[in-house]
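Chemist: What follows is a structure written as structure tokens; I'll ask about it next.
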Amino acid sequence: MLKKTPLHPLHLELGAKMVPFAWWEMPVQYPTGIMAEHAACREGAALFDVSHMCQMEITGDDPAAALERLVPGGITSLAPGQARYTQLTTGAGGIYDDLIVTRDPGGLYVVANASMADQDVGLLRAGLPDCTLRVIEDHALIAVQGPAAAALVAGLVPAAEDLRFMQSAQAAWDGQDLRLSRLGYTGEDGFEISLPATAAEAFARALIAGGAMPAGLGARDTLRMEAGLPLYGQDIDQGTSPPEAGLGFSIPKRRRAEGGFPGAARILGELADGPARRLVGLRPEGRAPVRAGVEITAPDGTPLGTVTSGGFAPTLQAPISMGYVTASHAAPGTEIHVILRGKPQPATVTPLPFVPHRYKR
Amino acid sequence: MPTTYYTDDHEWIEVEDDTATIGITKHAAEQLGEVVFIELQPEGETFVKGDEIGVVESVKAASDIFAPVTGEILEANAALVETPAELNEDPEGNSWLYKIKLSDPGELSELLDAEGYAALIG
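First to last, the sequence lines map onto chains A and B. Under the numbering used here, the first residue of the first sequence carries the number 2, and numbering increases by one thereafter. Under the numbering used here, the first residue of the second sequence carries the number 532, and numbering increases by one thereafter.
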């Protein structure tokens, strides 16, 4: 039996095509289609139900310091109301999952991937024995993304105007407490709003009435690919390290100097010397989408790696892919081949993101 | 008088004498979503029923086209390859994929009629 989010009845009412996704039944697209939903997010505002993601609250004696034993990110240096992207790393330097961690006056608010929820809760509980972890099961999570998101959300929750990228605040709407965070996974300015499940549908309807177009997992995937953002389970997993995946930006100087997180030996070594392979952007020639699993070679046929995400970029009207290649072939401009249906096709290594980020910094 | 047949791979075949026009059904086009890429084989290619004779890719996924019958390609829809999104507009009309010459019209008896296909897709 698949789990249903508080917005499930609304998705059905809006005519969404529902699919199983990480134990949840989620909308993949609405009758408008992925292209229109994608365009709404780049040009106006799109609304995503991300209630399937795992929301947690960690309290106790200095949970920020405790969490730094499990992640390479800077958590103790977060000011209250500040959010950061980090990863739970394995002892071998791989990635158990990626997380957004927000510091609150009373503890930490953490959002993890739906598919990794059970694993993460187990790892965090075992790794933080002096803290209390509560999974927030009675809240929905709604993402509003796009250049029109700020005005739209501020019309309902005026505090939205005061936030900048990666800041989070408590606010209220219609007598309901909610958490407003200025972040997202589309490359656009926008918000993720955590609010009581009972208020979620009314809030979503207010956003839709204000002009947000409901968008599903299909558009979410094309948007995050254009934004060059790795997806857990596809572009990153236990076999890939943060430096290989281009996530070195999320490891601050202090943590690099001090270490003290799982996999530090490998991760710090790769940050210093460069990893043997890197996640890169690829622009295939022609119009054929080059999707996950496609082999990448040098023009002379030498194996270089594999495509981990790929498809058609609606904004660029062209195929884009992300994949790992040997470091010698990772420089932008390098000509490589992708083996598409058995035939080598030319592609060019391209800087990420494919479409510039437009965060409100 | 042309007769139209269907396959359980969601293709249609409109037959007149020993030539046929083939494409994907409206149902298939809806399931696939917005089409962004079509790869077809050139005129003159011959194939056996069940061979892979093309690829249709939507934003979401790739889908192989299998030959519904044995034959030879008389014409591939080049205009459609140029503007793949048209496939969503009129899949059972202007957005045909191939015109083919049938090698064995007897194979047609193994295909579904409109009623059978309607029952298949429920």
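The beta carbon of each residue, even a glycine, is placed where N, CA and C say it ideally should be.
Name the residue from G287/A, T309/A, R288/A and A289/A whose alpha carbon lies nearest to the alpha carbon of E296/A.
Modeler: Indexing the first sequence from 1 puts residue 296/A at position 295. It is T309/A.
Chemist: Looking at chain B, is there any beta carbon in it that lies within less than 9 Å of the beta carbon of F313/A?
Modeler: If you number the first sequence from 1, residue 313/A lands on position 312. Chain B contact via Cβ: present.
Chemist: Would V326/A and G306/A be called neighbours here (beta carbons separated by less than 9 Å)?
Modeler: As a working mapping, residue 326/A is identified with position 325 in the first sequence. As a working mapping, residue 306/A is identified with position 305 in the first sequence. Taking 9 Å as the Cβ cut-off, V326/A and G306/A qualify as a contacting pair.
Chemist: Taking beta-carbon pairs under 8 Å, can you tell me which members of the stretch 16 to 36 of chain A lie near chain B?
Modeler: The residues in question are V29, Q30, G34, I35 and M36.
Chemist: Give the residues of chain B in contact with A210/A, contact being defined as C-beta atoms less than 7 Å apart.
Modeler: Taking the first residue of the first sequence as 1, we reach residue 210/A at position 209. None at all; the shortest Cβ gap to chain B is about 26 Å.
Chemist: What is the DSSP secondary structure of Q171/A, reduced to helix, strand or coil?
Modeler: Within the first sequence, residue 171/A is the residue found at index 170, counting from 1. In this structure, Q171/A counts as strand in the three-state DSSP scheme.
Chemist: How would you write the range of the alpha helix (DSSP H) that K557/B sits in, first residue to last?
Modeler: In the second sequence, residue 557/B corresponds to position 26, counting from 1. K557/B -> alpha helix (DSSP H) spans K557 to L563.
Chemist: Compare the C-alpha of A551/B against each of K632/B, E570/B and D582/B and name the closest.
Modeler: Locating residue 551/B in the second sequence gives position 20, counting from the first residue. Considering only alpha carbons, the answer is K632/B.
Chemist: Whole angstroms is fine: what's the gap from G564/B's alpha carbon to P32/A's?
Modeler: Position 33 of the second sequence, counting from 1, holds the residue named residue 564/B. Position 31 of the first sequence, counting from 1, holds the residue named residue 32/A. The straight-line gap from Cα to Cα measures roughly 10 Å.
Chemist: Mind listing the chain A neighbours of A670/B? Cutoff is C-beta to C-beta under 8 Å, in chain order.
Modeler: Outside the shown range of chain B (532 to 653) lies residue 670/B, about which nothing can therefore be said.
Chemist: Going by beta-carbon coordinates alone, are L628/B and L642/B separated by less than 9 Å?
Modeler: For the purposes of this step, residue 628/B is identified with residue 97 of the second sequence, where counting begins at 1. For the purposes of this step, residue 642/B is identified with residue 111 of the second sequence, where counting begins at 1. Result no, Cβ atoms of L628/B and L642/B do not sit closer than 9 Å.
Chemist: With a cut-off of 8 Å on the beta carbons, I'd call C132/A and A67/A a contact; round off their distance for me.
Modeler: The count along the first sequence starts at 1 and reaches residue 132/A at position 131. The count along the first sequence starts at 1 and reaches residue 67/A at position 66. With 8 Å as the limit, C132/A and A67/A qualify as a contact, their Cβ atoms being about 5 Å apart.
Chemist: Checking contacts by CB at 9 Å: is V587/B closer than that to chain A?
Modeler: Taking the second sequence and counting its residues from 1, the one referred to as residue 587/B is at position 56. So, not an interface residue.
Chemist: What residue range is occupied by the uninterrupted beta strand (DSSP E) comprising I297/A?
Modeler: Residue numbering aside, residue 297/A sits at position 296 when the first sequence is read from its first letter. Taken as a continuous stretch (DSSP letters only), the beta strand (DSSP E) holding I297/A covers E296 to T298.
Chemist: In this structure, how does DSSP classify I237/A when only helix, strand and coil are distinguished?
Modeler: Translated into the one-based positions of the first sequence, residue 237/A becomes position 236. Three-state DSSP puts I237/A in a strand.
Chemist: Tell me which residues share the same chain as A23/A and place their Cβ nearer than 6 Å to its Cβ, disregarding the 5 neighbours each side in the sequence.
Modeler: For the purposes of this step, residue 23/A is taken as residue 22 along the first sequence, with counting starting at 1. Result list for A23/A: A115 and S116, in chain order.
Chemist: Can a CB atom of chain B be found closer than 9 Å to the CB of P320/A?
Modeler: Translated into the one-based positions of the first sequence, residue 320/A becomes position 319. P320/A counts as touching chain B.
Chemist: Report the neighbours of E570/B on chain A: residues whose CB is nearer than 7 Å to its CB, in chain order.
Modeler: Counted from its first residue, the second sequence places residue 570/B at position 39. A289, listed in chain order.
Chemist: Along chain A, which residues have their Cβ under 7 Å away from the Cβ of E507/B?
Modeler: Any property of residue 507/B remains undetermined from this structure, which presents chain B solely from 532 to 653.
Chemist: Identify the contact partners of V600/B in chain A, using a Cβ-Cβ distance below 7 Å as the criterion.
Modeler: Residue numbering aside, residue 600/B sits at position 69 when the second sequence is read from its first letter. The contacting residues do not exist; V600/B stays about 23 Å from chain A at best.
Chemist: Using 8 Å for Cβ pairs, my map puts W543/B next to T535/B. What's the rounded Cβ distance?
Modeler: On the second sequence, residue 543/B is found 12 positions in, with the first residue counted as 1. On the second sequence, residue 535/B is found 4 positions in, with the first residue counted as 1. 6 Å between Cβ atoms; contact.
Chemist: Verify the CB distance criterion: does V579/B have a CB-CB separation below 9 Å to chain A?
Modeler: Reading the second sequence from its first residue, position 48 is the one you call residue 579/B. Not an interface residue.
Chemist: Which residues in the same chain as T103/A place their Cβ atom closer than 6 Å to its Cβ, once the five residues preceding and following it in sequence are excluded?
Modeler: Against the first sequence, residue 103/A aligns to sequence position 102. Excluding sequence neighbours, T103/A sits near A84, Y110 and S169.
Chemist: With a threshold of 16 other CB atoms inside 10 Å of the CB of L157/A, please say whether the residue is buried or exposed.
Modeler: The count along the first sequence starts at 1 and reaches residue 157/A at position 156. Its Cβ being crowded by 16 or more others within 10 Å, L157/A is buried.
Chemist: Could you check if A113/A belongs to the surroundings of the ligand ADP, using beta carbon to heavy atom distance under 8 Å?
Modeler: The ligand ADP is absent from the structure shown, which contains no ligands of any kind.
Chemist: Any beta-carbon of chain A closer than 9 Å to the one on P615/B?
Modeler: Here residue 615/B refers to the residue found at position 84 when the second sequence is read from its first residue. Yes, contact with chain A.
Chemist: Comparing C-alpha positions only, which one of L230/A, A46/A, P148/A and G108/A sits nearest to F250/A?
Modeler: If you number the first sequence from 1, residue 250/A lands on position 249. Minimum Cα distance to F250/A is reached at L230/A.
Chemist: Would you mind working out which of D222/A, E193/A, E38/A and G217/A sits nearest Q408/A, comparing C-alpha positions?
Modeler: The requested residue 408/A does not occur in the structure, where chain A is confined to residues 2 to 362.
Chemist: For the beta strand (DSSP E) containing I101/A, list its first residue and its last residue.
Modeler: Start at 1 with the first residue of the first sequence, and residue 101/A comes out as number 100. Element bounds for I101/A: I96 to D105.
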